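Chemist: Reminder that position 109 of the sequence shown reads as 295 in our numbering, one-by-one numbering, no gaps. Below is one structure. I have some questions about it.
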Amino acid sequence: MALFEKLDINPDKVPNTKLGLHIFQAVLGVVIFILEIVLFRADNAVINGNNGWPFGLCFLSIPAWLYLGMAPRFERTRKLAEPHAMVVVDIIFAILWLSAFASQAAYDTANSCGQGCAVSKAIVGIAFFELLGFIATTAVSVYTLRYYRQTESLPGYENLGTSQNIDPDKAAFSMAPHDEEAYAPVQMDDHHDDHEHHGGPYDPDSFAPRFDNDTAYRPHSTSPAPFENPFDAYRTHSQSSVHSAAHSDPYGDPYGSTSSRPHIYAPPAAEDYDDDRPVQFPSANYDRTMH
């Protein structure tokens, strides 16, 4: 047990290490299964318990591989992956594969392989590596048990599926090295125009250089009005009232001069109307209406 304390083991690497070892065991089991079938069909080869046991153990190991390799990796099945049980299962199957290795070796010693002795010897060698694989997973399970006793959690399994190396201060998909130079500021401001920001009210003339050309939406200040305003008659009548000196024209061109500013519309006073005149529409060119 003191060996685990001397070794600097990263708990986050335990899940993938154990899964890789079990995949290695499963691949060797498939190879042993295929070679046993070849041995069964060899000339003068005897089929008995010595070579039948490694063949059957390949099937018996499937539930153990699924339990030991997959149960701790999923949140719903993690409660079934009790560390004591995993240590026991690994030890049991290490003993079983030791017996399968010895059984196949005894099969060769008895000269029961007939014309398939080369295949039988290959099975003995692969069974030995299968035994070593279960010894390795047993050691990982023992470390998992010790870690569980200290922290009440499985090593690394709680962090599966989470991003551990994403830094919010670094741009996404950055290929820069993990050092201080890799931390480039992320532009969070969508306004890249080099304008001076003032605390005063909005000034429409600050953007005047963008509208130097004449357009249908904003004629140049020196150009005549493109269309006749239907409210010119009202504006002429309004300018003769007593309020014409105190208020600027609310319908004037806001781009005509820098001194004019848009004002909030206020309805005309009662004295602005001439009750003696008949009600009529303002004079304008109504042929420009939409059809």
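Glycine included, C-beta positions come from ideal geometry on N, C-alpha and C. Here the structure is a predicted model, which means the values were calculated and not measured.
(1) Determine the direct distance from the alpha carbon of R262 to that of I277, and round the result to whole angstroms.
(2) Nearest CA to the CA of V274: which residue from N237, A250 and R335?
(3) For L284, which residues in the same chain have their Cβ closer than 7 Å to its Cβ, ignoring the five residues on either side in sequence?
(4) What does the Cβ neighbour count give for H208, buried or exposed, with the cut at 16 atoms within 10 Å?
(5) Using DSSP with H/G/I as helix, E/B as strand and the rest coil, what is P201?
(6) Secondary structure at V275, three-state DSSP: helix, strand or coil?
(7) DSSP three-state label for L346, please.
(8) Should I309 go down as buried or exposed, given a rule of 16 or more other Cβ atoms within 10 Å for buried?
(9) Tell me the rounded alpha-carbon separation between L225 and E338.
(10) What residue ranges within the segment 214 to 243 form continuous beta strand (DSSP E) runs of no fewer than 3 residues, ordered along the chain?
(11) For the putative contact between L340 and P258, defined by C-beta atoms under 8 Å, what is the C-beta separation to the nearest angstrom?
(12) Helix, strand or coil: how does DSSP classify Q466 here?
(13) Going by beta carbon distance, what residues of the same chain come within less than 8 Å of T203, once the five residues before and after it are set aside?
(14) Can you tell me the Cα-Cα spacing of G255 and F287, whole angstroms?
(15) Quick one: grab the DSSP three-state call for S407.
(16) Count the C-beta pairs between the segment 230 to 242 and the segment 293 to 304 that are closer than 8 Å, then say yes if the count reaches three, no if not.
Modeler: Concretely, from the data shown:
(1) Roughly 25 Å separates the two Cα atoms.
(2) Out of N237, A250 and R335, A250 has the C-alpha closest to the C-alpha of V274.
(3) Taken in chain order, the residues that qualify are L317.
(4) Buried, because 16 or more other Cβ atoms sit within 10 Å of the Cβ of H208.
(5) Here P201 sits in helix by DSSP.
(6) Three-state result, V275: helix.
(7) If DSSP states are grouped into helix, strand and coil, L346 belongs with coil.
(8) With 16 or more Cβ atoms within 10 Å of its Cβ, I309 is classed as buried.
(9) Approximately 48 Å between the Cα atoms of the pair.
(10) Those beta strand (DSSP E) runs which fall completely within the segment 214 to 243 and span 3+ residues do not exist here.
(11) By a beta-carbon distance limit of 8 Å, L340 contacts P258. Their separation comes to about 6 Å.
(12) In the three-state reduction of the DSSP assignment, Q466 falls in the coil class.
(13) The beta carbon of T203 lies closer than 8 Å to those of V326 in the same chain, with the five residues before and after it left out.
(14) One C-alpha to the other measures close to 23 Å.
(15) In this predicted model, S407 has a pLDDT of only 49, less than 50, meaning its place in the structure is not dependable; the value taken from the coordinates is given anyway. Reduced to three states, the DSSP call for S407 is coil.
(16) Yes, they touch.
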